[in-house]
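Taking it in order: structure first as structure tokens, then the write-up.
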Amino acid sequence: MSEVTKIRNKIRDTKGDRVLQAFTCTILVLILILVGYPVLYVVACSFSSSNAIMTGRVFLWPREFTLAGYEFVFQYDRVWEGYRNTLIYTVLGTSIKLFVTTLAAYPLARPKYQGRRLFTTLFLVAMLTGAGLIPTFITRYNLGLYDNIWAIILPGALGISHCFILRTAFKTSVPGELYDAATIDGCSEFQVLWKIALPLIKATLSVILLYTAVGEWNAYFNAMIYLNDETKYPLQLILRTILTAAQTIDTNTLSADQLVQLESGTEQIKYALIIVSTVPVLVLYAIVQKYFKKGVMIGSLKG
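So for the sequence shown, the working numbering puts the first residue at 896; every next one is plus one.
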């Protein structure tokens, strides 16, 4: 055992430290319960029978286990169609946005770039103001960005808030002397960016990739406004259509038993849809979680 370890073992927490640790653990446990219980409840309901859901017998564990909700979801062709569309929008949108945002952030972090103050001001104005829905719709329509995938991908190609985070990351993670050494060795700006700067800020890039991908995966409003062809609908809009379809049925033509069956079946399908649309995001979180803490703190530094 090293001397440092021996010294640390001899140091005992004070009473105040123990009180603070107990208070912190209590708060964290309460937050875990508040966040974890709804997730467990949705999972349990997605595997429970309609009768168990409607009678309120589901708590943390499935009752009358069934896969009927998932069978409906996966046998519905439009769900797979929505998955395909959302995957395309997410991959293309995230890739283009990360590429464009990185190219915009890098010059803003370089003190030798003469136009960085001007573009920083323009980016701030664009971030804090907006033209409104109708002017934006007319502009996109006149540019041909209507009822095609580029209407969803291109308008959000530059993430201004993420641009400022990356600018701060370039400033704090890449020393100026490293830029100078690379320039003396004959590297161009693109070589410096690709071979030196980007590897040093991969934690921040991973967090921004996560934020962007989750945003693209969950987005539905732009698709609802700018897409007319239902075959191009993303998954979230397909799920919204399924959930609202039951509400458009004329309930006056249904008997009491049929009405109860309709409501209970809708509830079961709803929970299954929540799980189906959430799992990919949880998987992405698990992949990039090791970079999350370090990368998310970059934006809190002044610069």
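Using N, Cα and C, we set each Cβ at its ideal position, and we do this for glycine too.
Flag this pair as yes or no: are the beta carbons of residue i and residue j separated by less than 7 Å?
i, j, result
"Thr985", "Ala1108", "yes"
"Ala1167", "Ser941", "yes"
"Leu987", "Ile1048", "yes"
"Leu1038", "Val995", "no"
"Ile1133", "Arg979", "no"
"Ala999", "Cys1058", "yes"
"Ile1055", "Phe1018", "yes"
"Lys1165", "Leu1130", "no"
"Leu1073", "Tyr1001", "no"
"Val1111", "Thr1034", "Per the sequence shown, the amino acid found at residue 1111 is Glu instead of Val. Cβ distance not < 7 Å, so Glu1111 and Thr1034 don't count as in contact."
"Arg1062", "Leu1003", "yes"
"Leu915", "Leu935", "no"
Compare the Cα-Cα distances from residue i to each of the options and report the closest residue.
i, options, result
"Lys1097", "Ile1120, Ala939 and Gln1184", "Gln1184"
"Ala1207", "Val1174, Leu1019, Ile1170 and Ala917", "The structure shown does not extend to residue 1207, since the chain spans only 896 to 1198, so no value can be given for it."
"Ala1064", "Trp956, Arg1005 and Arg1012", "Arg1005"
"Glu959", "Gln1086, Lys910, Ser943 and Val930", "Ser943"
"Leu993", "Tyr1041, Ile1103 and Asp1075", "Ile1103"
"Phe967", "Gln1163, Leu1177 and Thr1173", "Gln1163"
"Lys1127", "Tyr971, Trp975 and Met949", "Trp975"
"Tyr1120", "Tyr1106, Ala1046, Arg1135 and Gly1110", "The sequence shown places Ile at residue 1120, not Tyr. Nearest C-alpha to Ile1120: Ala1046."
"Asp1124", "Glu1084, Tyr1041 and Asn1113", "Tyr1041"
Would a check of beta-carbon distances place residue i closer than 7 Å to chain B?
i, result
"Thr1099", "Considering every chain present, this structure includes no chain B. It has just one protein chain."
> What are the uninterrupted segments assigned as alpha helix (DSSP H) that are 4 or more residues long and contained completely in the region 1015 to 1095, given in chain order?
Replying inline: As far as the region 1015 to 1095 is concerned, its whole alpha helix (DSSP H) runs of at least 4 residues are 1028 to 1037, 1045 to 1048, 1055 to 1068, 1071 to 1079 and 1084 to 1087.
>> For the structure I just gave you, are there three or more beta carbon pairs, one from the region 1019 to 1036 and one from the region 1077 to 1088, closer than 8 Å?
In response: The region 1019 to 1036 vs the region 1077 to 1088: no contact.
>> Does the contact criterion of 3 or more C-beta pairs under 8 Å hold for the region 1089 to 1104 versus the region 1054 to 1069?
In response: Contact between the region 1089 to 1104 and the region 1054 to 1069 is present: three or more C-beta pairs spanning the two stretches fall below 8 Å.
> Can you give, in chain order, each stretch of the alpha helix (DSSP H) that sits fully within the region 911 to 965 and has at least 4 residues?
Replying inline: If we require 4 residues or more, the alpha helix (DSSP H) runs fully inside the region 911 to 965 come out as 945 to 949.
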